Amino acid sequence: MSATTSASDRLATSRPTAPSTWRAQRHISPLPRPPVDPDIDAPPKMGPDGRIIKKVRPRRTVDLWAGVGRWEMIKKVKPVGSRVPVLKPAASYIIDMLPPKAYPDNAATSITTKFVHTSTNKVRCPVNCVVWTPEGRRILTGSTSGEFTLWNGLTFNFETILQAHETAIRALTFSHSGAYLISADQSGVIKYYQPNMNNLVTWQAHREAVRGVSFAPGDSRFASCGDDASVRVWAFEEMREERCITGHGWDVKCIEWHPTRGLLVSGSKDNLVKFWDPRTGQNLSTLHQHKNTIQAIKWNPNGNLVATASRDQTVRVFDIRAMKELHILKGHKKEVCSLTWHPVHHDLLVSGGAEGSVYFWTLSAATPSAPRAAMDQAHESNVWALAYHPLGHILCTGSNDHTTRFWCRDRPGEGLSGTGTGGMEESTEEDGGYDALPGFGYSGAGAAVGSQGGDGGGMDWETAAGGMRAPTAGWGSAQGDEFIPGFGRTTLPQQPVNDGAGSGRAPPPPGFGMEDAYDGRGGGGRGGQYGGGGYGQDRDRDYGHQRGGRGGGDGRRGGRGGRRWE
Numbered sequence: 017m018s019a020t021t022s023a024s025d026r027l028a029t030s031r032p033t034a035p036s037t038w039r040a041q042r043h044i045s046p047l048p049r050p051p052v053d054p055d056i057d058a059p060p061k062m063g064p065d066g067r068i069i070k071k072v073r074p075r076r077t078v079d080l081w082a083g084v085g086r087w088e089m090i091k092k093v094k095p096v097g098s099r100v101p102v103l104k105p106a107a108s109y110i111i112d113m114l115p116p117k118a119y120p121d122n123a124a125t126s127i128t129t130k131f132v133h134t135s136t137n138k139v140r141c142p143v144n145c146v147v148w149t150p151e152g153r154r155i156l157t158g159s160t161s162g163e164f165t166l167w168n169g170l171t172f173n174f175e176t177i178l179q180a181h182e183t184a185i186r187a188l189t190f191s192h193s194g195a196y197l198i199s200a201d202q203s204g205v206i207k208y209y210q211p212n213m214n215n216l217v218t219w220q221a222h223r224e225a226v227r228g229v230s231f232a233p234g235d236s237r238f239a240s241c242g243d244d245a246s247v248r249v250w251a252f253e254e255m256r257e258e259r260c261i262t263g264h265g266w267d268v269k270c271i272e273w274h275p276t277r278g279l280l281v282s283g284s285k286d287n288l289v290k291f292w293d294p295r296t297g298q299n300l301s302t303l304h305q306h307k308n309t310i311q312a313i314k315w316n317p318n319g320n321l322v323a324t325a326s327r328d329q330t331v332r333v334f335d336i337r338a339m340k341e342l343h344i345l346k347g348h349k350k351e352v353c354s355l356t357w358h359p360v361h362h363d364l365l366v367s368g369g370a371e372g373s374v375y376f377w378t379l380s381a382a383t384p385s386a387p388r389a390a391m392d393q394a395h396e397s398n399v400w401a402l403a404y405h406p407l408g409h410i411l412c413t414g415s416n417d418h419t420t421r422f423w424c425r426d427r428p429g430e431g432l433s434g435t436g437t438g439g440m441e442e443s444t445e446e447d448g449g450y451d452a453l454p455g456f457g458y459s460g461a462g463a464a465v466g467s468q469g470g471d472g473g474g475m476d477w478e479t480a481a482g483g484m485r486a487p488t489a490g491w492g493s494a495q496g497d498e499f500i501p502g503f504g505r506t507t508l509p510q511q512p513v514n515d516g517a518g519s520g521r522a523p524p525p526p527g528f529g530m531e532d533a534y535d536g537r538g539g540g541g542r543g544g545q546y547g548g549g550g551y552g553q554d555r556d557r558d559y560g561h562q563r564g565g566r567g568g569g570d571g572r573r574g575g576r577g578g579r580r581w582e
């Protein structure tokens, strides 16, 4: 009782507690400096030349050679071609991926929708042309600045750059033998190059811009077209114009020589597709299906189909054996700018649009008029060029948005990537390169592909890429074969072949022997220098610009060659 009373007395007599004066201040005080990070705060390391040394980082690599070796082993152990490892949608089956040639009946295995890499020049300008070197080790691009840029085809980094033309480059093509390169520009100039980028000769071929060049099957001739509304057939060795065809009424935008026969197809701004006999210049047939300018034309590798792309937003496929339109491919929201066929799966067609999209079409599908896969945002602007690696596992695209991009097949367990460009890795000219201009790395003295009948040490594409043999004649596929399906018998008899067509070699360059041509030691005669500069506007590619640059050699050939017919 006394304890309870004393406790209550204490509570009654205690004083009230004064309010606390403490206030929170940490949230308004300045934050302390974070601990020093030596990787961030350390001064950048400088090289002996005063340039900052960049950190070493791994590069993305798409290496198919392990799959090629595995496929060769499977063919020896299991002769039946259909016995290929079954791929299931799981990452553990990535090791079983084989080259596209291992899946001849399934074009879906070669749809390249997985983004790999973006490559950009230091001087940003539209990329008009892309072409793989014949052995597939590098990719060569031509831009509106007149420059050749060489990118590594395995790691996709920059290798070297060359001021090849004074104006925008409009066309690039390698000969079937791989021994020579032809380039053409906005001013109508055509140049010959060797694989080591040695300029052999330069001359004015057209009065206006050259829009396309294409080699004959035997490499002794090539055709060109331009904005002067003409198609011209040239003797490669002599640089002599053999035929000037003026059947189109407006600019001729594209030209393609048949893969095995003496037949030309051209597309023009007059909305027409025309077939020509290159020996007589006779118009064999005309197609009127398109409603706007023909932007691109490509022969199917089998030579029976031809695909055309137009500004009317359609791609059309024609069978020349019956001169019949097989498919109308609709899906692009703007004009279609470029086309390419898959080198192995001949029913797989790829198109690039002005909205930056890339569509894949399989003609053997139940509904070929619908795209099998689509990348609506592959680029930010017009896709001017498309090129497949010779093995068919990588697609390269060149665009008006100043970039060159690489796309590969999806691996097991990934599905179609669509426009998956997240986490893009980009390389520029500053990421690497050589002080000296390297060649294309052809093996041995032979620049020709090994399986094409030449004596070069190139890769055997017969086993690696599916029998990509060069045709054996210039005007037709063989001597005495004068019948062209859909056009009947040709008008002129075959002439004897005397320039080695079918040996896998291209004719020697102007003024050079065959030995020098393949050793890569030949050089042009007196060389002039191109200089100066300037800016112009391409009336058909509104966003493009062109600038003058460093001079390029102007070699002159020596000696004359006799006229040769195949």
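Residue numbering for the sequence shown follows my numbering, starting at 17 and increasing by one per position.
For every residue, glycine included, the Cβ atom is placed at its ideal position computed from N, Cα and C.
A quick note: this is a predicted structure, and the numbers were derived from the prediction, not measured.
| Check | Outcome |
| --- | --- |
| For the beta strand (DSSP E) containing I44, name the first residue and the last one. | Careful: I44 lies outside any beta strand (DSSP E) and carries neither H nor E. |
| Please say whether G162 and N144 have beta carbons closer to each other than 8 Å? | no |
| With burial defined as no fewer than 16 other Cβ atoms inside 10 Å of the residue's Cβ, what is the status of D267: buried or exposed? | buried |
| With a CB to CB cut of under 6 Å and the five nearest residues on each side skipped, what residues in its chain are close to F334? | V322, E341 |
| Exposed or buried, what is N122 when buried is set at 16 or more other beta-carbons lying within 10 Å of its beta-carbon? | exposed |
| I need the straight-line Cα distance from K314 to W357, nearest angstrom please. | 7 Å |
| Residue range of the beta strand (DSSP E) that E258 falls in? | 256-261 |
| Look up M391 in the DSSP assignment and say whether it is helix, strand or coil. | strand |
| From this set, A389, A124, R223, which residue's C-alpha is nearest V205's C-alpha? | R223 |
| With DSSP collapsed to three states, give me the class of A245. | coil |
| Can you list, in chain order, the residues of its chain with a C-beta nearer than 6 Å to that of A370? Leave out the 5 residues immediately preceding and following it. | K350, E351, C353, N398 |
| Near V366, what residues of its chain come up, given a Cβ to Cβ distance below 6 Å and the 5 sequence neighbours on each side ignored? | T356, F376, L402 |
| Buried or exposed for A382, please, with buried defined as at least 16 other CB atoms from any protein chain shown within 10 angstroms of its CB. | exposed |
| By DSSP, does Y375 sit in helix, in strand, or in coil? | strand |
| From the DSSP secondary-structure annotation, give me the bridge partner or partners of T218. | K207 |
| Cα separation between S126 and K307? | 32 Å |
| Which residue or residues does DSSP assign as beta-bridge partners of H133? | F422 |
| Express the C-alpha separation of W219 and H133 in angstroms, rounding to a whole number. | 36 Å |
| Let me make sure I understand the geometry here. Which of V226, T136, H192 has the alpha-carbon closest to that of L600? | The chain is shown from 17 up to 582; residue 600 falls before or after that span and cannot be answered. |
| Looking at the secondary structure, which residues open and close the alpha helix (DSSP H) in which S81 lies? | Looking at the sequence itself, residue 81 is Trp, so the reference to Ser does not match. Here the alpha helix (DSSP H) through W81 covers 81-93. |
| Is A325 near the ligand FMN, judged by its Cβ being under 7 Å from some heavy atom? | The ligand FMN is absent from the structure shown, which contains no ligands of any kind. |
| Taking a contact to mean a Cβ-Cβ separation below 8 Å, would you say R227 touches R186 in this structure? | yes |
| Give the straight-line distance between the Cα atoms of G462 and A232, rounded to the nearest whole angstrom. | Low local confidence applies: a pLDDT of 37 at G462 is under 50, so the model's placement there is unreliable, with the coordinate-based value given in what follows. The alpha-carbon atoms of G462 and A232 are separated by roughly 20 Å. |
| Once the 5 residues before and after C424 are set aside, which same chain residues still bring their CB inside 7 Å of it? | V78, T128, K130, V132, H409, I410 |
| Count the other CB atoms within 10 Å of the CB of P116; is the residue buried (16 or more) or exposed (fewer)? | buried |
| Identify which residue in S301, P406, T189 has its Cα closest to the Cα of Q210. | T189 |
| Please state if the CB of P406 and the CB of P359 are separated by a distance shorter than 8 Å. | yes |
| With H, G and I counted as helix, E and B as strand and the rest as coil, what does DSSP make of D121? | coil |
| Just the Cα atoms here: how many angstroms apart are F172 and G372? | 21 Å |
| H274 and P317: beta carbons closer than 8 Å? | no |
| For D426, which of A82, Y109, V217 has the nearest alpha-carbon? | Y109 |
| H343 bridges to which residues according to DSSP? | V333 |
| Could you round the C-beta distance between T302 and R327 to whole angstroms and report it? I think they count as a contact, below 8 Å. | Not quite, the Cβ-Cβ distance comes to about 18 Å (not below 8 Å), so this is no contact. |
| For the beta strand (DSSP E) holding D201, just list the boundary residues, first then last. | 197-201 |
| Three-state secondary structure (DSSP) at A381? | coil |
| Which residues in the same chain have their Cβ closer than 6 Å to the Cβ of P294, if we skip the five residues on either side of it in sequence? | V249, G278, L280 |
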